[in-house]
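Trainee: Heads up, the sequence shown stops at 300 in this note's numbering, and the numbers go up one at a time, no gaps.
Quick reminder that beta carbons are idealized off the backbone N, C-alpha and C, glycines included.
Just so it is clear, the structure is predicted and the values come from calculations on it, not from any experiment.
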Amino acid sequence: MGSPAVDAATIRIVLADDQPLVRAGIAMLLSVQAGMEVVGEAADGLQAVNLARELQPDIVIMDLQMPNLDGVGATRQLTADDFTADRGHTVKVLVLTTFSNDEQVYAALRAGASGFLLKDGVPTDLANAIREIHAGNAYLHPAVTRSVIADLAHRSGPAPRKPGRFDRLTPRECEILQLMAHGLNNREIAERLFLAEATVKTHVCRVIMKLDVEDRTQAVVLAYQNHLVEPA
């Protein structure tokens with residue numbers, strides 16, 4: 069008899085943290101979430117990369133400070149175009165950090181992380197972040213959005229402007245981009261603007277397409293770099 073088929077709707081997750089108790093706590097938390105499965109655990113970045121290559125998870129929850137290969141280096145490998153032979157599958161990275169080392173957080177953003185979450189956040193934030201990232205969005209903790217991304221934009225200086233890049237956006241899309249940059253997710257934007265959440269998601273996709281960026285995170289960084297949004 070063959071092994072049971074894997075539910076395509078299940079979000080497959082690898083945990084990467086050098087503290088066994090932290091991994092155990094996250095695994096226990098996710099075990100009660102519908103549609104999520106922890107398929108592997110890694111004690112350092114090198115193990116995370118090897119496990120991800122073997123298991124092809126959807127998301128790796130990544131600590132930043134780990135031995136052998138830190139979270140930034142592991143993220144860079146996991147998000148590389150040639151990491152998997154299957155171009156239809158990408159491994160996304162959710163950084164789970166104590167926020168103790170800002171430099172590493174900046175580096176992880178540049179390396180391709182799809183989201184950031186603080187370890188002192190509420191448990192429901194983790195499940196929400198996983199679902200957002202799996203759906204193709206980015207998840208940025210409001211504190212990360214306001215400080216890390218704004219400071220990253222300041223450090224890197226203005227981004228090279230493409231002719232008409234922001235002119236392509238409608239007033240509504242500019243408004244939504246500004247709310248994205250202030251840390252609101254699609255549901256919160258929908259509530260703020262009295263729109264359907266599906267409508268907001270469509271606008272977000274158009275913003276990403278028109279700005280010629282890879283994802284929500286890069287769109288927000290670009291907004292700060294070009295002073296469409298100013299840090300509060």
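Can you tell me the Cβ-Cβ gap for Val288 and Ala264, rounded? I've got them flagged as a contact below 8 Å.
Mentor: The sequence position of residue 288 within the sequence shown is 220, counting from 1. The sequence position of residue 264 within the sequence shown is 196, counting from 1. That pair is no contact at about 22 Å.
Trainee: Does DSSP put Lys160 in a helix, a strand or coil?
Mentor: Within the sequence shown, residue 160 is the residue found at index 92, counting from 1. Reduced to three states, the DSSP call for Lys160 is strand.
Trainee: For Leu89, does the count of other Cβ atoms within 10 angstroms reach 16, so buried, or fall short, so exposed?
Mentor: The count along the sequence shown starts at 1 and reaches residue 89 at position 21. Looking at its Cβ environment, which holds fewer than 16 other Cβ atoms inside 10 Å, Leu89 is exposed.
Trainee: I'd like the span of the beta strand (DSSP E) that includes Met130, first residue to last.
Mentor: If you number the sequence shown from 1, residue 130 lands on position 62. 127-130 is the span of the beta strand (DSSP E), which, as asked, contains Met130.
Trainee: Return the first residue and the last residue of the beta strand (DSSP E) that Gly108 is part of.
Mentor: In the sequence shown, the residue the question calls residue 108 occupies position 40. Run containing Gly108: 104-110, per the beta strand (DSSP E) assignment.
Trainee: Distance check for Leu164 and Asp112, CA to CA, integer angstroms please.
Mentor: Looking up residue 112 in the sequence shown gives position 44. Looking up residue 164 in the sequence shown gives position 96. Each residue's alpha carbon lies about 14 Å from the other.
Trainee: Whole angstroms are fine: how far does the CA of Gly103 sit from the CA of Ala77?
Mentor: Reading the sequence shown from its first residue, position 9 is the one you call residue 77. Reading the sequence shown from its first residue, position 35 is the one you call residue 103. Cα-Cα distance, rounded: 7 Å.
Trainee: Between Arg80 and Asp126, is the Cβ-Cβ spacing less than 8 Å?
Mentor: Residue numbering aside, residue 80 sits at position 12 when the sequence shown is read from its first letter. Residue numbering aside, residue 126 sits at position 58 when the sequence shown is read from its first letter. Yes.
Trainee: Quick one: Cα of Ala197 to Cα of Ala84, how far?
Mentor: Taking the sequence shown and counting its residues from 1, the one referred to as residue 197 is at position 129. Taking the sequence shown and counting its residues from 1, the one referred to as residue 84 is at position 16. C-alpha separation (whole angstroms): 16 Å.
Trainee: Between Leu237 and Lys278, is the Cβ-Cβ spacing less than 8 Å?
Mentor: To locate residue 237, count along the sequence shown from 1; it is residue 169. To locate residue 278, count along the sequence shown from 1; it is residue 210. Yes. Within cutoff.
Trainee: Which residues in the same chain have their Cβ closer than 6 Å to the Cβ of Val140, if we skip the five residues on either side of it in sequence?
Mentor: For the purposes of this step, residue 140 is identified with residue 72 of the sequence shown, where counting begins at 1. So the list reads Gln172, Ala175, Ala176, Ala179, once near-sequence residues are dropped.
Trainee: Taking Cβ positions, are Arg274 and Glu241 nearer each other than 8 Å?
Mentor: Your numbering for residue 274 matches position 206 in the sequence shown. Your numbering for residue 241 matches position 173 in the sequence shown. Contact: yes.
Trainee: How should Ser182 be labelled, buried or exposed, when 16 other C-beta atoms within 10 angstroms of its C-beta is the threshold for buried?
Mentor: Mapped onto the sequence shown, residue 182 falls at position 114. With 16 or more other Cβ atoms within 10 Å, it is buried.
Trainee: Round the Cβ separation of Thr147 and Val161 to the nearest angstrom and send it over; I've been treating them as touching at under 8 Å.
Mentor: Mapped onto the sequence shown, residue 147 falls at position 79. Mapped onto the sequence shown, residue 161 falls at position 93. The Cβ separation is near 6 Å, so the contact holds.
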